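**Q**
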Amino acid sequence: MEGSEENAGKRSFGDHWNLLKRRRWWILLPTVVIWGAVLGASWLVPARYKSETVVLVEQQKIPAQYVTPNIGVDLQLQLQSMTEQILSRTRLLRIMNDLDLYGIKEKTQNPDLLVEQMRDDITIELVKGAREELSGFKVSYSARDPHIAQAVAQQLTSLFLEENMQNRQELSEDTTRFLESQLDYARKDLEQQELALREFRMKHLGELPDQMQSNLQILTGLQSRLQAATEALSRAEQQRLYLASMMTRYGGEGDVPGVAGDGPLTLEQQLTALEVQLAEANARYTPLHPDVARLKQKISDTERLLQTGRDSAQAKNAGNVEAAAAVRHRSTPALELEGQIKANELEISTRKKDIADAQAEINQYQSRLNLTPVREQQLASLTRNHDQSRSSYESLLAKKMESQMATNLEKRQQGQQFRILDPPSLPRSPYFPIRMKFSGAGLAGGLCFGLALAMLMEALQPRIYSEADVRGLLAAPILGTVPPLSTVEEIQKRVRQTWVEWIAASLLVITVPALTLLTYLKS
-13 MEGSEENAGK RSFGDHWNLL KRRRWWILLP TVVIWGAVLG ASWLVPARYK SETVVLVEQQ
47 KIPAQYVTPN IGVDLQLQLQ SMTEQILSRT RLLRIMNDLD LYGIKEKTQN PDLLVEQMRD
107 DITIELVKGA REELSGFKVS YSARDPHIAQ AVAQQLTSLF LEENMQNRQE LSEDTTRFLE
167 SQLDYARKDL EQQELALREF RMKHLGELPD QMQSNLQILT GLQSRLQAAT EALSRAEQQR
227 LYLASMMTRY GGEGDVPGVA GDGPLTLEQQ LTALEVQLAE ANARYTPLHP DVARLKQKIS
287 DTERLLQTGR DSAQAKNAGN VEAAAAVRHR STPALELEGQ IKANELEIST RKKDIADAQA
347 EINQYQSRLN LTPVREQQLA SLTRNHDQSR SSYESLLAKK MESQMATNLE KRQQGQQFRI
407 LDPPSLPRSP YFPIRMKFSG AGLAGGLCFG LALAMLMEAL QPRIYSEADV RGLLAAPILG
467 TVPPLSTVEE IQKRVRQTWV EWIAASLLVI TVPALTLLTY LKS
């Protein structure tokens, strides 16, 4: 009944220790065998070496506040795109042909399978910084030859550097070319808007809102001019009536006009009126004004007529007929009146023409002022379109200049670029298999298997080994014990067995550490 669950549950540490001693060879032998098999298998598996390099992503050397980058591609997406391009079939076959990998030059090999195998041997791992931002990436390649692994890693790294530089330059140049094309469209649109605005201004010259103030000033001047011409015309018409009456009286009485006291106005009254008009004109105009000059001429003519009349009257009163005839012959007042009448008619005609011209100009400027609100709305629409076009053009011009600077920065390799932080290493030891790990795994596996086997043998071969086992099986008390009685042959057999065990244990103690040390040195 030994090995029952009740008895097994009551076993002490000593019982387990005795079990290990009894089944020691069932534990040690499987452990050593499995360890040796696993370690031997690790030496039979072809060693693979991995060469690894770290590529750092360097940001733009010139601060972004001075030169704004014109490439907005996410770095992680950019790396994924470059990885797909570099791991393409064409590029991998070129590397395999250059380095004769996987026996690519043998005609029996399937290139597609070799490409897939090479992709499995390539590892690209992203490296993130403290803020979970992408700061670089690792490129590694595994092969059976460490030099081949290093060479392939070097080529892959070079492809990443070249691809990044080429892609960034192409993206930057494409951005600049796009902005240049948009700038050309904006320039043509701005030229059209400027032409339309210029044609509108030329077509409606004088009706524009910015000319409204000058039109008002001109209109005010024209109205003053019209009023002055009207007043001058009124005075000229009064002068014509006066000259006509003088001419009538002179022709009827045969004397010099203005001497007699009858009539509309005497020469003295007319002279006084002209002097009053001259004083008013001097107060309103400058001495060079045409009205002032005209009044002065009339005053001079009237004074001469008045003086002539006085000379004629004096001669008549003195009875000096010859002197009076000479004065009449010398002054010829009728001819002078005729000349004044003609001058007066010319002045009236000129004043009427001035009034008509002034009125026409007034009508013209009033029409311009009436059209100013309409032109203001039309001009506002054209100006708004022109301002929008100019704003768009200036914005595109500034962006194009910034993009050109960013493109020049990329061509000089001063923008964001990849830099090799650790060059591809020449591996000194294989990354697979790691024989020390194989050795440890073999020992652990063999020991577990040996313990399980010892427990199994203990369960399959139940025996009584101690007094406690008997007490656990029987309810009756134990009255006595019989010591073991061994023969000479049995004693000699146990001695030989003990020596064999010691020799085997010594060999195991020496062999296992020696092989483990050799594995460590060779790995």
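Counting from -13, one number per residue, gives the positions in the sequence shown under the working numbering.
We treat Cβ as the ideally placed atom computed from N, Cα and C, and that holds for glycine.
These numbers were taken from a predicted model, which means no experiment stands behind them.
Kindly indicate which three-state DSSP category Ile72 falls into: helix, strand or coil?
**A** If you number the sequence shown from 1, residue 72 lands on position 86. Residue state, collapsed to three classes: helix.
**Q** With which residues is Glu38 paired in a DSSP beta bridge?
**A** Position 52 of the sequence shown, counting from 1, holds the residue named residue 38. For Glu38, which the question treats as bridged, DSSP gives the partners Ser126.
**Q** In terms of residues, what are the limits of the beta strand (DSSP E) holding Val113?
**A** Stepping through the sequence shown from its first residue, residue 113 is reached at position 127. Residues Ile108 to Lys114.
**Q** Following the continuous beta strand (DSSP E) through Ile134, name the residue where it begins and the one where it ends.
**A** Along the sequence shown, one-based indexing puts residue 134 at 148. Element bounds for Ile134: not the beta strand (DSSP E) but the alpha helix (DSSP H), Pro132 to Lys189.
**Q** Do Leu165 and Leu395 have their C-beta atoms closer together than 8 Å?
**A** Mapped onto the sequence shown, residue 165 falls at position 179. Mapped onto the sequence shown, residue 395 falls at position 409. Cβ atoms of Leu165 and Leu395: not closer than 8 Å.
**Q** Does DSSP put Glu193 in a helix, a strand or coil?
**A** Numbered from its first residue, the sequence shown carries residue 193 at position 207. Three-state result, Glu193: coil.
**Q** Need the endpoints of the beta strand (DSSP E) that Leu87 sits in, please.
**A** For this step, residue 87 is matched to residue 101 along the sequence shown. Taken as a continuous stretch (DSSP letters only), Leu87 belongs to no beta strand (DSSP E), as it is neither H nor E.
**Q** I need the DSSP call for Asp343, collapsed to helix, strand or coil.
**A** The residue given as residue 343 occupies position 357 in the sequence shown. The answer is helix: DSSP assigns Asp343 an H, G or I state.
**Q** Quick one: Cα of Leu208 to Cα of Asp373, how far?
**A** Looking up residue 208 in the sequence shown gives position 222. Looking up residue 373 in the sequence shown gives position 387. Between Leu208 and Asp373, the C-alpha separation is close to 37 Å.
**Q** Which residues share a DSSP beta bridge with Ile406?
**A** Walking along the sequence shown from the start, residue 406 turns up at place 420. Val41.
**Q** By a C-beta neighbour count over all protein chains shown, 10 Å radius and 16 as the cutoff for buried, is Val125 buried or exposed?
**A** Position 139 of the sequence shown, counted from the first residue, corresponds to residue 125. Result: buried.
**Q** Can the beta-carbon of Thr17 be found less than 8 Å from the beta-carbon of Leu433?
**A** Against the sequence shown, residue 17 aligns to sequence position 31. Against the sequence shown, residue 433 aligns to sequence position 447. Yes.
**Q** Taking Gln178 as the reference, which of Arg376, Thr484 and Trp488 has the closest Cα?
**A** Residue mapping note: residue 178 aligns to position 192 of the sequence shown, counting from 1. Per the Cα distances, Arg376.
**Q** Just checking my contact of Glu333 with Ala222 at CB under 8 Å: how many whole Å lie between their CB atoms?
**A** Position 347 of the sequence shown, counting from 1, holds the residue named residue 333. Position 236 of the sequence shown, counting from 1, holds the residue named residue 222. About 5 Å; that satisfies the 8 Å criterion.
**Q** Buried or exposed for Tyr171, please, with buried defined as at least 16 other CB atoms from any protein chain shown within 10 angstroms of its CB.
**A** Start at 1 with the first residue of the sequence shown, and residue 171 comes out as number 185. Exposed, because fewer than 16 other Cβ atoms sit within 10 Å of the Cβ of Tyr171.
**Q** Identify whether Ser411 lies in helix, strand or coil by the three-state DSSP scheme.
**A** What you label residue 411 is simply residue 425 of the sequence shown in a count that begins at 1. Of the three classes helix, strand and coil, the one that applies to Ser411 here is coil, per DSSP.
**Q** Taking the C-alpha atoms as reference points, what is the distance between Ala427 and Thr497?
**A** One-based indexing of the sequence shown puts residue 427 at position 441. One-based indexing of the sequence shown puts residue 497 at position 511. Distance between the alpha carbons of Ala427 and Thr497 is about 17 Å.
**Q** May I have the straight-line CA-CA distance separating Leu227 from Leu368, to the nearest angstrom?
**A** The sequence position of residue 227 within the sequence shown is 241, counting from 1. The sequence position of residue 368 within the sequence shown is 382, counting from 1. Looking at the two C-alpha atoms, the distance is approximately 59 Å.
**Q** How long is the line joining the alpha carbons of Gln224 and Gln326, rounded to whole angstroms?
**A** Numbered from 1 along the sequence shown, position 238 holds the residue referred to as residue 224. Numbered from 1 along the sequence shown, position 340 holds the residue referred to as residue 326. Their backbone Cα atoms lie some 13 Å apart in a straight line.
**Q** Looking at Thr161: is its Cβ nearer than 8 Å to the Cβ of Asn96?
**A** To locate residue 161, count along the sequence shown from 1; it is residue 175. To locate residue 96, count along the sequence shown from 1; it is residue 110. Result no, Cβ atoms of Thr161 and Asn96 do not sit closer than 8 Å.
**Q** So if DSSP puts Phe418 in a beta bridge, which residue, or which two residues, is it bridged to?
**A** By one-based count along the sequence shown, residue 418 stands at place 432. Phe418 is bridged to Arg34.
**Q** Less than 8 Å separating the beta-carbons of Gly436 and Val24?
**A** Residue mapping note: residue 436 aligns to position 450 of the sequence shown, counting from 1. Residue mapping note: residue 24 aligns to position 38 of the sequence shown, counting from 1. Contact flag unset, no.
**Q** Assuming Ile134 and Leu79 form a contact by the criterion Cβ under 8 Å, report the distance between their Cβ atoms to the nearest whole angstrom.
**A** Looking up residue 134 in the sequence shown gives position 148. Looking up residue 79 in the sequence shown gives position 93. The pair is not a contact, with the Cβ atoms about 16 Å apart (cut-off 8 Å).
**Q** Three-state secondary structure (DSSP) at Val498?
**A** Here residue 498 corresponds to residue number 512 of the sequence shown, with the count starting at 1. Three-state result, Val498: helix.
**Q** Under 8 Å Cβ to Cβ from Glu388, same chain only, skipping five residues before and after it: list those, please.
**A** Along the sequence shown, one-based indexing puts residue 388 at 402. Same-chain partners within the cutoff: Val53, Thr54 and Asn56.
**Q** Pop quiz: Arg77 and Leu145 are said to be a contact at Cβ under 8 Å. What is the actual Cβ separation, rounded to whole angstroms?
**A** Within the sequence shown, residue 77 is the residue found at index 91, counting from 1. Within the sequence shown, residue 145 is the residue found at index 159, counting from 1. Confirmed, Cβ separation roughly 7 Å.
**Q** Thinking just about the alpha-carbon of each residue, which of Asp196, Ser286 and Tyr379 is nearest to the one in Leu257?
**A** In the sequence shown, counting from the first residue as 1, residue 257 sits at position 271. The residue with the shortest Cα to Cα distance from Leu257 is Ser286.
**Q** Can you tell me whether Pro32 is buried or exposed? The criterion is at least 16 other CB atoms within 10 Å of its CB, across all chains shown.
**A** In the sequence shown, residue 32 corresponds to position 46, counting from 1. So Pro32 counts as exposed.
**Q** Please confirm whether Trp21 and Leu429 have their CB atoms less than 8 Å apart.
**A** Walking along the sequence shown from the start, residue 21 turns up at place 35. Walking along the sequence shown from the start, residue 429 turns up at place 443. Result yes, Cβ atoms of Trp21 and Leu429 sit closer than 8 Å.
**Q** Hey, Ser128 and Asp107 are a contact pair by Cβ (cut 8 Å); roughly how many whole angstroms apart?
**A** Along the sequence shown, one-based indexing puts residue 128 at 142. Along the sequence shown, one-based indexing puts residue 107 at 121. 5 Å between Cβ atoms; contact.
**Q** Using a 10 Å radius around the Cβ and a threshold of 16 neighbouring Cβ atoms, would you call His122 buried or exposed?
**A** Indexing the sequence shown from 1 puts residue 122 at position 136. With the sequence shown as reference, residue 122 is identified as Gly, and His is not the correct amino acid for it. Its Cβ being crowded by 16 or more others within 10 Å, Gly122 is buried.
**Q** So is Ile13 buried or exposed if we call it buried at 16+ other beta carbons inside 10 Å?
**A** Indexing the sequence shown from 1 puts residue 13 at position 27. By the neighbour-count rule (16 or more Cβ atoms within 10 Å), Ile13 is buried.
**Q** Tell whether a beta-carbon distance below 8 Å holds between Thr234 and Ile341.
**A** Residue numbering aside, residue 234 sits at position 248 when the sequence shown is read from its first letter. Residue numbering aside, residue 341 sits at position 355 when the sequence shown is read from its first letter. Not a contact, by the Cβ cut-off of 8 Å.
**Q** Quick check on the burial criterion: 16 or more other C-beta atoms within 10 angstroms. Buried or exposed for Gly240?
**A** Position 254 of the sequence shown holds residue 240. Its pLDDT being 39, under 50, Gly240 is placed unreliably in this model, and the value from its coordinates should be taken loosely. That one is exposed.
**Q** Can you tell me whether Pro413 is buried or exposed, with buried defined as 16 or more other CB within 10 angstroms of its CB?
**A** Counting from 1 along the sequence shown, the entry for residue 413 is found at position 427. So Pro413 counts as buried.
**Q** Applying the 10 Å Cβ sphere with the 16-neighbour rule, what's the burial state of Gln136?
**A** On the sequence shown, residue 136 is found 150 positions in, with the first residue counted as 1. Result: buried.
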